[in-house]
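Visitor: Take this structure first; my questions come after.
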Amino acid sequence: MIKEKYLTLTQATKYTGLSHRTLQRYVASGKLPSTKSDSGVRQIPALSLKQYAKAERLSDRVGDKQVQQILLEILELIPLSDLAAISKKQRLREMINQLGGSQG
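Counting from -10, one number per residue, gives the positions in the sequence shown under our numbering.
Put into structure tokens, the structure is as follows:
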């Protein structure tokens, strides 16, 4: 079993270039997942930061509205074979729509 790698908020600031406070807000709002280590230190999964950084680069290239539209189009490709899929699709749609609403 491969153990997932975690970064502290301080390490994450160096990786992303975001401030410590911004990362705290992202964690508090659910934009980034986090856990606490046994010693109580807040940690963010490295994979989540990598995905966030990739999404930010995509957003920089094509614009937030275009990213939102692309995600909605991808969402339409998910088959609705059962009720669980319908529920997941609805939750994803809500999250994607929040991306558009969070832009100033």
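Don't be surprised by glycine CBs; every beta carbon is placed ideally from N, CA and C.
For Ile33, list the residues DSSP reports as bridge partners.
Guide: Per DSSP, Leu(-4).
Visitor: Quick check on this structure: which residue in Gln57, Thr24 and Lys43 has the alpha carbon closest to the alpha carbon of Tyr(-5)?
Guide: Among Gln57, Thr24 and Lys43, the Cα nearest to that of Tyr(-5) is on Thr24.
Visitor: Which residue from Leu38, Ser28, Gly29 and Arg14 puts its Cα closest to that of Lys3?
Guide: Of the listed residues, the one whose Cα sits closest to Lys3 is Leu38.
Visitor: Quick check on Lys3: does DSSP put it in helix, strand or coil?
Guide: In this structure, Lys3 counts as helix in the three-state DSSP scheme.
Visitor: Taking DSSP as the reference, what is the three-state secondary structure of Lys43?
Guide: Lys43: helix per DSSP, three-state reduction.
Visitor: By the 10 Å Cβ neighbour count, where 16 or more other Cβ atoms means buried, how is Val56 classified, buried or exposed?
Guide: Looking at its Cβ environment, which holds 16 or more other Cβ atoms inside 10 Å, Val56 is buried.
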